[in-house]
Amino acid sequence: MQGLLDKLRATVGAPNVLTGIDLSPFVVEGRTPDVVVLPGSVGEVGAVVQQAAAAKVPVTPWGGGTAAAVGAPPARVGIVLALKRLDRLVEHEPGDLTVTAEAGLTLEALQTALRARGQWLSLDPPEAERATIGGLIAANASGPRRHLYGTVRDLLIGVTVVTADGSVVRGGGKVVKNVAGYDLPKLFIGSYGTLGIVVEATFKLRPLPEDERLVGVTFDRLKDAGAAARAVLAEDLIPNAIEILDAAAGAPLGLGPVTLVVGFDGLREQVEFQASALADMTASLGGRRATTLPASAWTHLAAPARDAFASPGAVMSLSVLPTMVADTMEQGTEAARRRGLASAWAAHAGVGAVTGAVVADREAATVAAVLAEWRVIARAAGGHATLAWAPLAVKSQVPVWDDPGPAGRIMQHIKAQLDPNNVLNPGRFVSGI
Amino acid sequence: MATLTLDRKSALRRELEAIVGRGGVLSEPDELLVYESDGLTLFRALADFVVFPTSAEHVAALVRVAQREGMPFVARGAGTGLSGGCLPSEGGLVISLMRMNRVLEVDYDNQLAVVEPGLVNLHLSWAVGPHGYYYAPDPSSQQACTIGGNIANNSGGPHTLKYGVTVNHVLGLEVVMPDGEIVWLGGKTRDALGYDLAGVFVGSEGTFGIATKIVVRILRKPQAVKTVLAVFDQIEQASAAVSAIIARGLVPAAVEMIDQLTIQAVEDAFGCGYPRDAAAALLIEVDGLRAGIEAQCERIVDACRQSGAREVRAAADEAERQLLWKGRKSAFGAYGRVSPAYMVMDGVIPRTKLPYVLGRVNEIVAAQGLRVGNVFHAGDGNLHPNILYDPRKPGEEARVVAAGAEIMKICAEVGGSISGEHGIGLEKSDFMPFIFSAADLAFMQRLKTAFNPTGLCNPGKVFPTRKSCGEAGPVAYRPHPIEERGLAQRF
Ligand SMILES: Cc1cc2nc3c(=O)[nH]c(=O)nc-3n(C[C@H](O)[C@H](O)[C@H](O)COP(=O)(O)OP(=O)(O)OC[C@H]3O[C@@H](n4cnc5c(N)ncnc54)[C@H](O)[C@@H]3O)c2cc1C
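Chains as they are written, first to last, in the numbering used here: chain A, 981 to 1413; chain B, 1215 to 1705.
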């Protein structure tokens, strides 16, 4: 280890190699890394990966750390490779509606720069002030406006990555439309650092809308809110978000018991028209009090179920068919209640992205049993479930990832081809990758 | 693969017939001729067999036979591709998906449809149209091309400016892997479990396997549509108008540019009402809510006028709108009136580089003593220079190819790409080094190996084949192995 440390210090400079007490913010699932390295250039990232590979020490790429606890607990964290110093906004050409930034730039810093020129990257995941561009891609993070604007896969047009052998590879490009070569950007989205370390990315941008509004409507039952969400989808309206929150998740908004929140953007007259159409429509479906919510409510919508408990016992993301959202939330609530546990539920309802959080319990086995049942519910609703967060005691009883079936073998083949020595984030991902 | 003996060939034919039925196999040279090229007729190659499966199980069984025989195989949709993607580059098996053309399921509540790969793109919109829905990606070839071909090439169209390309509308795929296993990549829900295999498969040009079912999103038809024609005396003004529209924070559904040569060809052929003396015209469409559509239209008209448009008019009704679009959509056909042949390029550039690159394209083609017509997706910087030529004139084809290479080089130099929607296929494979390093290509090659370890699934595509990666010459003249065997010839 000492030999490796010396090499790392020679590569990135001693102040950028952290050891001892400085490692504490980088503990993953109770495991302390051997060392944290902060390279200052793409070349240095490559050199560090090569040194790690030669020493057979795993590399854990690190952005803002917001998703570090997602995944199976690592056998060994090894070298945490933090991208924090690669934080330049490389190029923003407003006329091209594209931006290129280094991986360590935070989303908030990027948005601030873009907003100053009337544009934005249409992604609104939680913790934008900590989440980095690289982490956003690796964790496929998203928020409520994904309803209209999609997820990273709809916006990322180019990536530069450092691969498992330390070489630099580019995929995609800087233009908004491009089919030359395989779509490498897609490969890295949601890959949790298992195939390469994203060091730079290029995105499509959008102009900032002239106006935007969030409207909250109260319902008595999840079922009714679900029916209303479906009715909105079947209408000519073009909302940018359709959220359903249960009582626990919606409490901070002051509405409920069940809240349907719908966002609209565009020209002022478009927003006005849609907001009033929504009020009329939901009134006939049992909705009460269509209320304009303050803009600050957007932030709450990014992770309302998780935030419902001061310290949740576990958080699960369920991907289901949009029509199954309310049923999933109801059944999930009931499954927890049967075991005497409270839960909180929220959904990006139009795209079927549901999150459930269960309250902490002394018995990890009880929490685990609830989660196992939630997974069955997700599958029955045509989808799958991922354990987004849980303490180790729970993770040891419930797999973090669902079983992808035969596709898992293809994923293993990809991993074997691109990281044959299993250097990058080993053992934390789907199918044992 | 060695040339098949006659005995071997008839034994194989019987085996293939046992899989797909007697009417499902072609092996006579005159029957195979129909399948020797796609929309890019510069390349031709004859298969040993063309087979017509009707199920994923058929496809799987065919693929297993091919693997056992060490015989290359390639999926084929409608054959409208423009890069030679579905050509049997080394003989072997062409697997036509044209008999797998059903809409299997439409779920309006969840806004998705499950279709077979041989379904013609436009037929999906027809199927869901009566319910007020449509399938958004609209290649100009949508009356003929298949969803399977669209998947392979990640096809775009005029409206992809606002709505995105094929991959943005694909949720999941059932795929026959190159080893014959039938696997689902993705599914009906939005978020992938594990790697986004469906996303990676789209755009892999038939080299990762054969799609046998496709889950696509369907969208509600917009409440209102407005189409504007803006006419310019200088092509630079038209380019400036594209930037001005973007700068005003507008996101039109489509912004298409048509140059003078094309306008005249279209007017000669169809009379769509474009002014013949204009240097360029922009066809701009906004869609969405009825509320605000006039306001957006006004801003667009304003942006065009400020950029020097001599005339801006909005289609008064649906009939006029259709006529304006007809001019755009039939441009390729119209070139046939003014030239015996043409070759379409597909470079993409940053939008702000339009004036410079269009100027360079004209210079490059003129220097070869040829003419070029431009009709393209200006809103997303996707150029389609159509180089007109006469294949009967000695040396002209070579000059076309040389001009094409130079155009791709310019696109690469300004930070663009060599293909926006037609794919690399055979045509552009040797130009990949213009935009990708050896490390990039090696990484892509390893990804291919993960899906297609024997390489028998659509070989010879996407990756450069020439030893010297830097300089590429007239690739169209590479003698094909089948040609050498006297089984095929180019004109
Ligand atoms: C007049 C004209 C206009 C055009 N306009 C456009 C346009 O606006 N935008 C655009 O993007 N393209 C356009 N094209 C190009 C072409 O139509 C598209 O690339 C189309 O997607 C090809 O579909 P196809 O069914 O003809 O595929 P084919 O040409 O048969 O095959 C194309 C590729 O798809 C693969 N393939 C086919 N089916 C499958 C399957 N089931 N699974 C896996 N791989 C498969 C083939 O192996 C091949 O690599 C145009 C072509 C023409 C002739």
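We put the CB at the ideal spot given by N, CA and C, even for glycine.
Start-to-end residues for the alpha helix (DSSP H) that takes in residue i
{"i": "Val1416 (chain B)", "result": "No alpha helix (DSSP H) contains Val1416 (chain B), which DSSP labels as neither H nor E."}
{"i": "Thr1366 (chain A)", "result": "Segment His1364 to Trp1369 is the beta strand (DSSP E) holding Thr1366 (chain A); no alpha helix (DSSP H) there."}
{"i": "Phe1484 (chain B)", "result": "From DSSP, Phe1484 (chain B) is part of no alpha helix (DSSP H); its letter is neither H nor E."}
{"i": "Met1309 (chain A)", "result": "Val1305 to Arg1318"}
{"i": "Ala1455 (chain B)", "result": "Ile1449 to Ala1461"}
{"i": "Ser1339 (chain B)", "result": "Asn1335 to Val1342"}
{"i": "Ile1357 (chain A)", "result": "Ala1344 to Ala1360"}
Three-way DSSP call (helix, strand, coil) for residue i in this model
{"i": "Gly1629 (chain B)", "result": "coil"}
{"i": "Tyr1549 (chain B)", "result": "helix"}
{"i": "Ser1299 (chain A)", "result": "strand"}
{"i": "Leu985 (chain A)", "result": "helix"}
{"i": "His1393 (chain A)", "result": "helix"}
{"i": "Ile1222 (chain A)", "result": "strand"}
{"i": "His1072 (chain A)", "result": "strand"}
{"i": "Gln1099 (chain A)", "result": "strand"}
{"i": "Ala1294 (chain A)", "result": "strand"}
{"i": "Leu1404 (chain A)", "result": "strand"}
{"i": "Val997 (chain A)", "result": "strand"}
{"i": "Tyr1377 (chain B)", "result": "helix"}
{"i": "Phe1244 (chain A)", "result": "strand"}
{"i": "Glu1470 (chain B)", "result": "strand"}
Among the options, the one whose alpha carbon lies nearest that of residue i
{"i": "Val1037 (chain A)", "options": "A:Ala1337, A:Glu1082 and A:Ala1055", "result": "A:Ala1055"}
{"i": "Gly1345 (chain B)", "options": "B:Asn1335, B:Gln1325 and B:Gly1669", "result": "Per the sequence shown, residue 1345 (chain B) should be read as His rather than Gly. It is B:Gln1325 whose Cα lies nearest to the Cα of His1345 (chain B)."}
{"i": "Glu1310 (chain A)", "options": "A:Ile1357, A:Arg1319 and A:Phe1289", "result": "A:Ile1357"}
{"i": "Ile1361 (chain B)", "options": "B:Thr1294, B:Ala1555, B:Val1526 and B:Gly1561", "result": "B:Thr1294"}
{"i": "Ala1237 (chain A)", "options": "A:Gly1293, A:Leu1018, A:Ala1257 and A:Leu1202", "result": "Sequence check: residue 1237 (chain A) is Pro here, not Ala. The shortest C-alpha separation from Pro1237 (chain A) is found at A:Leu1202."}
{"i": "Asn1220 (chain A)", "options": "A:Arg1125, A:Val1178 and A:Thr1182", "result": "A:Arg1125"}
{"i": "Met1314 (chain B)", "options": "B:Ser1553, B:His1272 and B:Tyr1349", "result": "B:His1272"}
{"i": "Asp1399 (chain A)", "options": "A:Val1142, A:Glu1249 and A:Arg1286", "result": "A:Val1142"}
{"i": "Leu1655 (chain B)", "options": "B:Ile1638, B:Pro1678, B:Asn1666 and B:Met1557", "result": "B:Pro1678"}
{"i": "Val1384 (chain B)", "options": "B:Gly1238, B:Thr1476, B:Thr1403 and B:Leu1670", "result": "B:Thr1403"}
{"i": "Arg1282 (chain B)", "options": "B:Asp1560, B:Lys1567, B:Ala1467 and B:Asp1393", "result": "B:Asp1393"}
Boundaries of the beta strand (DSSP E) in which residue i is found, first to last residue
{"i": "Ala1062 (chain A)", "result": "Ile1059 to Ala1062"}
{"i": "Pro1599 (chain B)", "result": "Pro1599 to Tyr1603"}
{"i": "Arg1236 (chain B)", "result": "No beta strand (DSSP E) contains Arg1236 (chain B), which DSSP labels as neither H nor E."}
{"i": "Val1264 (chain B)", "result": "Phe1263 to Val1265"}
{"i": "Val1426 (chain B)", "result": "Contrary to the premise, residue 1426 (chain B) reads as Thr rather than Val in this sequence. Start and end: Ile1424 to Arg1431."}
{"i": "Asp1501 (chain B)", "result": "Ala1494 to Gly1502"}
{"i": "Asp1191 (chain A)", "result": "Asp1191 to Phe1199"}
Classification of residue i by the beta-carbon crowding that lies within 10 angstroms, buried from 16 upward
{"i": "Ala994 (chain A)", "result": "exposed"}
{"i": "Ser1264 (chain A)", "result": "exposed"}
{"i": "Ala1118 (chain A)", "result": "buried"}
{"i": "Thr1219 (chain B)", "result": "exposed"}
{"i": "Trp1325 (chain A)", "result": "buried"}
{"i": "Thr1272 (chain A)", "result": "exposed"}
{"i": "Gly1547 (chain B)", "result": "exposed"}
{"i": "Trp1340 (chain B)", "result": "exposed"}
{"i": "Pro1372 (chain B)", "result": "buried"}
{"i": "Ser1297 (chain B)", "result": "buried"}
{"i": "Ala1361 (chain A)", "result": "buried"}
Closer than 8 Å: residue i CB and nearest ligand 2 heavy atom
{"i": "Leu1233 (chain A)", "result": "Annotation note on ligand 2: not contained in the displayed structure, which lists ligand 1 as its ligands."}
Name, going along the chain, the residues of the segment 1516-1546 of chain B whose beta-carbon falls closer than 9 Å to a beta-carbon of chain C.
In the structure shown, chain C does not exist; the protein chains are A and B.
Please confirm if the segment 1153-1165 of chain A is in contact with the segment 1641-1659 of chain B, defined as three or more CB-CB distances below 8 Å between the two stretches.
yes
Taking three-plus beta-carbon pairs below 8 Å as touching, is the segment 1087-1100 of chain A in contact with the segment 1237-1250 of chain B?
no
Would the segment 1329-1336 of chain A count as touching the segment 1392-1403 of chain A if we require 3 or more Cβ pairs under 8 Å?
no
I want to know whether the segment 1464-1481 of chain B touches the segment 1396-1414 of chain B - three or more CB-CB distances under 8 Å.
no
Meets three-Cβ-pair contact criterion under 8 Å: the segment 1627-1646 of chain B and the segment 1381-1401 of chain B
no
Looking at C-beta atoms only, is the number of pairs between the segment 1532-1548 of chain B and the segment 1428-1442 of chain B that lie closer than 8 Å three or more?
yes
Would you check if the segment 1274-1286 of chain A and the segment 1540-1556 of chain B touch, i.e. whether three or more CB-CB distances between them fall below 8 Å?
no
The segment 1573-1587 of chain B contacting the segment 1599-1607 of chain B, beta-carbon criterion three pairs below 8 Å:
yes
Given 8 Å, three or more beta-carbon pairs between the segment 1172-1191 of chain A and the segment 1459-1466 of chain B:
yes
Do the segment 1502-1513 of chain B and the segment 1242-1260 of chain A touch if we need at least three Cβ pairs shorter than 8 Å?
yes
Please confirm if the segment 1057-1065 of chain A is in contact with the segment 1010-1020 of chain A, defined as three or more CB-CB distances below 8 Å between the two stretches.
yes
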